[in-house]
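**Student:**
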Amino acid sequence: MVPLSEGFSSAQSTNIPSPCLLLGAFRQQRPKAMANISAADVEWLCPSLKLPADVVKLDLQDLLKYPECAGMPTFLAGGSLSELDEGIYAMHTRILMTFIFACLSIVGIVGNVLVITVVFKVPGMITPTNCYLVSLALSDCLFFIAATPTELSTLHLPSDYIFGSIGCSLFSYLPYLAINTSSLSIAAFTIERFIGICYPIQARYICTVKRAKMIIAGIWSFCIMYNSPWLYLATVKEDEEGSMCGFKLERDNWTYKTIFFGDFFAFYVFPMFLYMIIYGKIAFTLKKNDIRHQVTKKSHSNN
58 MVPLSEGFSS
68 AQSTNIPSPC
78 LLLGAFRQQR
88 PKAMANISAA
98 DVEWLCPSLK
108 LPADVVKLDL
118 QDLLKYPECA
128 GMPTFLAGGS
138 LSELDEGIYA
148 MHTRILMTFI
158 FACLSIVGIV
168 GNVLVITVVF
178 KVPGMITPTN
188 CYLVSLALSD
198 CLFFIAATPT
208 ELSTLHLPSD
218 YIFGSIGCSL
228 FSYLPYLAIN
238 TSSLSIAAFT
248 IERFIGICYP
258 IQARYICTVK
268 RAKMIIAGIW
278 SFCIMYNSPW
288 LYLATVKEDE
298 EGSMCGFKLE
308 RDNWTYKTIF
318 FGDFFAFYVF
328 PMFLYMIIYG
338 KIAFTLKKND
348 IRHQVTKKSH
358 SNN
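Read in my numbering, the sequence shown has 206 at position 149, and its numbers run on one by one without any break.
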């Protein structure tokens, strides 16, 4: 069995927090490491604790009873041996994180549903701008619905994936779909605002509700097809520690790199530069019109 202290020495050299590496070392050495901790490892866990010379190994449960070990990380000291063995956070941490995830999801879903309801129910609210906001609200709702179950299951059952192969494919596909449609909806909304501010006369026949609906339908159709490979690439992987939802392609595979960098540049880098150019142009146009207005107002006052 590899001493935990060896792992800690590597943590010091790489500036990795020792509690994180400690938990990983516990999981790699289970179940024996959980029941027996060497005297050298005790020095890393509780530096102030001085064990008798005849004590070679110690149970973790007994170690936690010493007052000198009261300063151990809460996610170690707060959990039972079975929780530590499975890499689960302490109960109070899981309750807090579950509450936060639930609140964020409820607020996000309810808020976006209200946006969609107001746009469709209130007369005169169906405008090109609001159509893009509805598309953005739909993608946000989809993201919360797809991401929350996965996050909660990872929080409570990190070593067992409970949704099966179909759930793995869907919960990998839907967040990508939501993120990409959200990115393109924001881009379309930004371009629509650019035309409306910088070219107000042309915007009357360019920025129409019908055209906005066609653009939104094109965005969702494109993203549905573009992200469809994730339905095939996502798979449930099993090892000696349990099961998890992962990808069939390894990170060093050229196909994975192509998909990753293509997605990164198409939906993040390119829109970012597009927003910088468009909002710069909008700011310049507004500033120029403000100067013209001031000059015109000054000339009228002189007359």
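Beta carbons are placed, not taken as given, at the ideal position from N, Cα and C, and that holds for glycine.
#1: Span of the alpha helix (DSSP H) holding residue 27?
#2: Among the candidates 175, 330, 298, 263, whose CA atom is the shortest distance from the CA of residue 244?
#3: Report, in whole angstroms, the separation of the C-beta atoms of residue 284 and residue 233, which I expect to be a contact under 8 Å.
#4: Who are the near neighbours of residue 225 in its chain, counting only those whose CB is closer than 7 Å to its CB and skipping five residues on each side?
#5: Tell me where the beta strand (DSSP E) around residue 251 begins and ends.
#6: Residues in the same chain with beta-carbon distance under 6 Å from residue 335, minus the five sequence neighbours each way, listed in chain order, please.
#7: Quick check on the DSSP output: the alpha helix (DSSP H) that includes residue 184 runs from which residue to which?
#8: For residue 287, which residues from the same chain have a beta carbon less than 6 Å from its beta carbon, with the 5 sequence-adjacent residues on both sides left out?
#9: Report the rounded CA-to-CA distance for residue 179 versus residue 186, giving the unit in angstroms.
#10: Determine the DSSP secondary structure at residue 105, reduced to helix, strand or coil.
#11: Alpha carbon to alpha carbon, how far is residue 275 from residue 168?
#12: Taking only three categories from DSSP, how would you classify residue 294?
#13: Locate the alpha helix (DSSP H) running through residue 302, then write down its first and last residues.
#14: Label residue 191 either buried or exposed according to how many other C-beta atoms from any shown protein chain fall within 10 Å of its C-beta, with 16 as the threshold for buried.
#15: Grab me the residues of residue 50's own chain with a C-beta within less than 7 Å of its C-beta, minus the 5 sequence neighbours each way, in chain order.
**Tutor:** Let me lay it out:
#1: The structure shown does not extend to residue 27, since the chain spans only 58 to 360, so no value can be given for it.
#2: 330
#3: Residue 284 to residue 233, Cβ: 5 Å. Contact.
#4: 218, 291, 292, 293, 302
#5: First-last for residue 251: 221 to 255, but that is the alpha helix (DSSP H), not the beta strand (DSSP E).
#6: 247, 251
#7: Where residue 184 is concerned, there is no enclosing alpha helix (DSSP H), given that its DSSP letter is neither H nor E.
#8: Counting only residues of its own chain and dropping the five nearest sequence neighbours on each side, residue 287 has a CB closer than 6 Å to the CB of 229, 230, 233.
#9: 15 Å
#10: coil
#11: For residue 275 and residue 168, the gap between their C-alpha atoms comes out near 25 Å.
#12: strand
#13: That residue, residue 302, is in no alpha helix (DSSP H); its beta strand (DSSP E) goes 299 to 304.
#14: buried
#15: Residue 50 lies beyond the residue range present for the chain, which begins at 58 and ends at 360; the question has no answer from this structure.
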